[in-house]
Amino acid sequence: MATEQVPIHEVRPVTQELKIPARFIPQPVLEPGHTYSSITDHISSIVLRRKMPLIWYVGMGLSTILFLVLLAAIGQLIIVGVGIWGINHPVAWGFDILNFVWWIGIGHAGTLISAILLLLRQEWRTSINRFAEAMTLFAVASAGLYPALHTGRPWYDFWLFPYPNTMTLWPQFRSPLIWDVFAVSTYATVSFLFWYTGLIPDLATLRDRANSFFGRKIYGMLALGWRGSAKHWYRYESAYLLLAGLSTPLVLSVHTVVSFDFAVAQLPGWHSTFFPPYFVAGAVYAGFAMVLTLAIPFRKIFKLEDFITIKHLENMGKVMLATGMIVFYSYCMEAFFAFYSGNVFEKYMYLNRATGPYWKMFAMLIICNGLAPQLMWFKRLRTSAFWLFVTAQFVNVGMWLERFVIIPTSLHRDFLPSSWGMYHGTRWDWSMFIGSIGLFLFLLFLFVRFLPMISIFEMRTLVPEAHPIADEPTVEKAI
Amino acid sequence: MGQPSFIFWFSIAAGCLGVLMLQYTTGGEWGLMIRRPLGAGARTMMWMVLFFIPIAIGMKYLYPWMNLDWARRDAVVSQKLAYLNWKRFGIFAIVYFGAWILWAWRIRVLSLQFYKDRSPYTDLARRRWAAAGLPMIVLTLTFASIDWMMSLEPKWNSTMYGITFTVGCGLSAFAFVTFFLARLATTDAMKGILKPTHLRDLGNLMLAFVMFYAYTAFSEFLLIWYANVREEIPHYVIRDVGVWGAVAAAIIVFHFFLPFFMLLMRPIKDRAETITIVTIVILIMRYVAIYWLIAPSWYDHFHYSIWSLTTLVGIGGVWIWTFIDQLKGQTIIPIHETWVEEAIREGAIRVNA
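Heads up: the sequence lines are chains A and B, in that order.
Just so you know, the working numbering puts 171 at position 171 of the first sequence, and the rest follows in order with no gaps.
Just so you know, the working numbering puts 72 at position 72 of the second sequence, and the rest follows in order with no gaps.
The following block contains the structure:
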């Protein structure tokens with residue numbers, strides 16, 4: 001077009017002339033002053049050179065003790081059987097599925113941050129994706145324990161998979177529990193591949209910088225011969241994008257299938273058509289709360305405030321608010337439809353939840369998941385690490401309570417009053433739960449010790465040198 | 001017979017308001033080119049009140065629960081009469097329309113003020129209204145869909161209904177504004193400003209809405225089919241047999257599969273001519289889906305009368321006239337927004353295909 005071109009600053013009749021108040025100045029995703037080498041030095045030194053801070057040893061010690069509690073609980077379970085748990089008629093699903101859903105949900109933030117935010121080109125994902133992906137893997141590992149052990153004879157767990165056998169026994173394909181096997185195993189596999197693929201360039205950096213012989217060898221083997229050539233980068237980018245595409249539907253599918261475990265039943269409190277999106281939103285909500293729970297102390301301990309900035313924390317707070325609102329909407333709909341349905345069983349179920357023997361759980365649920373995230377409406381609170389941490393703790397507890405309210409509370413009083421009963425977790429239930437937290441933290445502490453918890457090469461793309469200055473952009477005068 | 005027509009046009013207006021508020025809250029560059037059409041679409045809500053009046057007057061012909069003799073005798077419906085009654089229905093409708101008009105008007109006023117003062121505080125005020133409006137619109141659309149559509153079958157209920165309807169409104173709005181923009185792209189005035197990447201951006205968002213709608217609608221169907229409960233299943237039994245069943249199959253193919261595959265392809269999204277076809281398919285199927293959802297509540301067997309078509313065209317004519325009227329006197333692109341140049345230069349692309 002032959003129209004006259006003018007430099008952009010001459011046609012921009014905007015706020016540059018005004019003094020911009022501080023609150024309107026965007027927060028950076030990487031604090032200024034960093035160079036390629038300062039980023040690489042800082043992140044790789046956590047793994048390679050620096051002695052771990054004392055608090056790491058304390059955390060590792062505590063999580064190892066909790067992990068041992070888990071092993072003891074599993075040992076007892078294998079020796080005695082699932083009778084050591086509190087499950088019995090009428091509540092045959094208790095802590096086992098409750099904790100499974102809680103852990104699976106927590107993993108979702110990792111997939112969302114790594115895959116969906118990558119496709120949406122959100123720069124703020126860069127410093128938290130590695131960490132969140134690792135969290136996904138460890139959360140799935142903790143989640144996987146429960147259904148595997150709940151079968152009663154875990155050494156026969158391979159029967160869950162369809163394979164040709166002489167007894168011609170097949171799993172029940174029409175059961176959502178079998179769909180879970182496929183959904184969760186696919187999720188674990190793709191999440192692992194995605195995480196590992198993203199690690200390869202950084203593993204090569206560690207190989208090149210490692211001082212010890214074993215360090216060089218082990219990181220070298222894990223780096224799969226990465227040399228950083230153009231061809232390597234091309235293939236890496238293609239594979240990473242492909243895996244992101246594969247991971248995206250998994251964000252929805254896993255928790256959708258988990259919600260089917262309940263929603264296909266005819267039980268009031270479980271059979272509700274909006275369960276799939278409600279569960280997915282809850283999963284992302286829980287996941288972001290856990291990322292905040294871990295990121296806030298870790299950025300302090302390892303002095304990562306320049307990389308995980310207030311902008312990251314604020315954005316996570318916003319996601320928590322949005323998903324928390326969806327979860328709260330679901331609670332409102334549950335209440336409304338219990339009465340609108342005109343079904344006495346539905347109505348009773350809801351009244352029993354809110355005023356029955358488990359009313360305290362329900363009240364705490366509303367406080368934790370309904371009211372606490374509303375704090376995130378205020379910019380001052382969502383830009384404060386302290387308040388974000390506090391809110392995230394409410395959400396962690398709230399999401400556990402949500403599953404408790406859905407599962408045992410719906411089961412313990414069903415259609416026949418003669419079959420009503422109460423449910424309480426036994427000390428083995430609690431040991432297993434606390435132990436699974438131990439396993440999660442144990443793996444996480446190992447991860448921060450031996451692998452870079454922030455993607456080094458992706459952070460390097462955020463320094464100003466990575467963006468060569470282009471010619472002064474122009475716009476057509478016609479505008 | 002006119003109700004599906006009203007709901008169709010209403011869904012575009014309500015969707016415009018919802019997407020507009022989403023745009024002002026998130027500030028994504030995808031929305032820059034469609035802010036003006038979305039705002040104009042949202043402000044047509046004042047006229048939708050006019051078309052709601054016949055529904056309010058004709059309630060006793062539309063809603064079975066208005067027949068109190070029958071409703072009081074029915075075991076299920078009698079439990080619901082505290083909610084399903086004309087007084088509450090009317091008051092709620094006034095509240096819904098009041099809230100929608102208030103938000104559409106308030107955002108308009110703040111936009112005009114921003115045009116004058118360009119103060120970041122005005123922008124902040126607009127963003128706050130928009131953010132507060134999001135829970136408002138989701139809740140009001142949920143309850144409006146329950147009142148106006150779901151209660152046509154007073155014995156039936158489904159918790160997903162409001163979500164599916166709200167997502168459907170968003171899809172209608174995206175399809176409409178993309179159609180509008182794609183038509184403009186061929187005019188001299190917009191040549192060189194509207195770029196393929198702008199359309200691709202909207203195409204990607206439409207794709208997301210197409211998928212989300214299919215996800216909620218299919219989940220709803222699957223869970224009801226699987227549980228096979230006496231209270232729920234009649235809703236689908238009527239809709240899945242005979243011609244209604246054929247319409248359902250057409251919805252699966254043309255409301256989901258066809259736009260889904262078309263919108264996956266970048267050459268289709270990038271060209272104004274081709275994306276226009278996708279938007280037309282989606283808009284037609286939105287009407288079909290709404291008709292399929294509403295009309296079987298009255299007719300066990302397929303029925304379509306000339307009055308359905310005339311109301312569709314009639315309401316549509318007035319709606320488009322008000323839409324264009326609202327667009328008058330302003331630039332289609334909000335040129336005073338601070339980052340408009342960057343968006344035009346970059347093609348506003350932030351969503352990857």
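Quick reminder that beta carbons are idealized off the backbone N, C-alpha and C, glycines included.
Taking only beta-carbon atoms, is residue i less than 8 Å away from chain A?
{"i": "B:ARG350", "result": "Reliability of the predicted coordinates at B:ARG350 is poor, the pLDDT of 38 falling under 50, and no value is obtained from them."}
{"i": "B:ILE290", "result": "no"}
{"i": "B:GLU153", "result": "no"}
{"i": "B:ASN157", "result": "yes"}
{"i": "B:GLU220", "result": "yes"}
{"i": "B:GLU29", "result": "no"}
Assuming residue i is part of the alpha helix (DSSP H), what are its boundary residues?
{"i": "A:ASN129", "result": "129-150"}
{"i": "A:TRP400", "result": "385-411"}
{"i": "A:LYS311", "result": "310-340"}
{"i": "B:GLN79", "result": "Segment: none, B:GLN79 is in no alpha helix (DSSP H) and carries neither H nor E."}
{"i": "B:TRP225", "result": "196-227"}
{"i": "A:GLU346", "result": "344-355"}
{"i": "B:ALA131", "result": "120-148"}
{"i": "B:SER308", "result": "306-327"}
{"i": "B:PRO54", "result": "45-57"}
DSSP beta-bridge partners for residue i?
{"i": "A:ASN88", "result": "A:VAL91"}
Taking residue i as the reference, give the member of the options with the closest Cα.
{"i": "A:ILE78", "options": "A:PHE67, A:GLU31, A:GLN393, A:PRO154", "result": "A:PRO154"}
{"i": "A:GLY59", "options": "A:TRP430, A:THR126, A:PHE442, A:ILE106", "result": "A:PHE442"}
{"i": "B:THR216", "options": "B:VAL177, B:THR164, B:GLY39", "result": "B:THR164"}
{"i": "B:PHE302", "options": "B:LEU309, B:THR310, B:TRP292", "result": "B:TRP292"}
{"i": "A:GLU465", "options": "A:HIS34, A:PHE24, A:ALA22", "result": "A:HIS34"}
{"i": "A:TRP428", "options": "A:PRO26, A:ILE46, A:LEU439, A:GLY81", "result": "A:GLY81"}
{"i": "B:TYR299", "options": "B:PHE97, B:TRP100, B:LEU152", "result": "B:LEU152"}
{"i": "A:ILE308", "options": "A:LEU294, A:PRO276, A:MET320, A:VAL319", "result": "A:LEU294"}
{"i": "A:ALA263", "options": "A:ILE406, A:VAL397, A:MET333", "result": "A:ILE406"}
{"i": "A:GLU133", "options": "A:LEU321, A:LEU243, A:LEU206, A:ARG174", "result": "A:LEU243"}
{"i": "A:ASP208", "options": "A:ASP41, A:PRO26, A:GLY287, A:ARG413", "result": "A:ASP41"}
{"i": "A:ARG227", "options": "A:SER212, A:ASN211, A:LEU252, A:ILE200", "result": "A:ILE200"}
{"i": "B:ALA131", "options": "A:TRP430, A:MET376, A:MET422, A:PHE386", "result": "A:MET376"}
{"i": "A:THR273", "options": "A:GLY282, A:ILE43, A:THR256", "result": "A:THR256"}
{"i": "B:TRP148", "options": "B:LYS195, B:ILE55, B:MET206", "result": "B:ILE55"}
Could you check whether the Cβ of residue i sits closer than 8 Å to any Cβ belonging to chain B?
{"i": "A:ASN343", "result": "yes"}
{"i": "A:PRO21", "result": "yes"}
{"i": "A:ALA286", "result": "no"}
{"i": "A:THR256", "result": "yes"}
{"i": "A:MET221", "result": "no"}
{"i": "A:LEU351", "result": "no"}
{"i": "A:LEU48", "result": "no"}
{"i": "A:PRO464", "result": "no"}
How should residue i be labelled, buried or exposed, when 16 other C-beta atoms within 10 angstroms of its C-beta is the threshold for buried?
{"i": "A:THR299", "result": "Before going on, a small fix: residue 299 of chain A reads as Arg here, not Thr. Classification of A:ARG299: buried, given that the 10 Å Cβ count is 16 or more."}
{"i": "A:TRP170", "result": "exposed"}
{"i": "A:HIS271", "result": "buried"}
{"i": "B:ALA14", "result": "buried"}
{"i": "A:TYR234", "result": "exposed"}
{"i": "A:PHE302", "result": "buried"}
{"i": "B:ILE333", "result": "buried"}
{"i": "A:TYR146", "result": "buried"}
{"i": "A:LYS231", "result": "exposed"}
{"i": "A:HIS424", "result": "exposed"}
{"i": "A:HIS150", "result": "buried"}
{"i": "A:SER63", "result": "buried"}
{"i": "A:GLN172", "result": "exposed"}
{"i": "B:GLY162", "result": "buried"}
{"i": "A:TYR340", "result": "buried"}
{"i": "B:ASP117", "result": "exposed"}
{"i": "A:LEU54", "result": "exposed"}
{"i": "A:LEU416", "result": "exposed"}
{"i": "A:SER127", "result": "buried"}
{"i": "B:ARG286", "result": "buried"}
Is residue i near the ligand GDP, with its Cβ less than 7 Å from a heavy atom?
{"i": "A:PHE194", "result": "You won't find the ligand GDP in this model; it holds no ligand whatsoever."}
Give a yes or no on whether 8 Å exceeds the smallest Cβ distance from residue i to chain C.
{"i": "B:MET66", "result": "Absence of chain C from the displayed structure is noted, the protein chains being A and B."}
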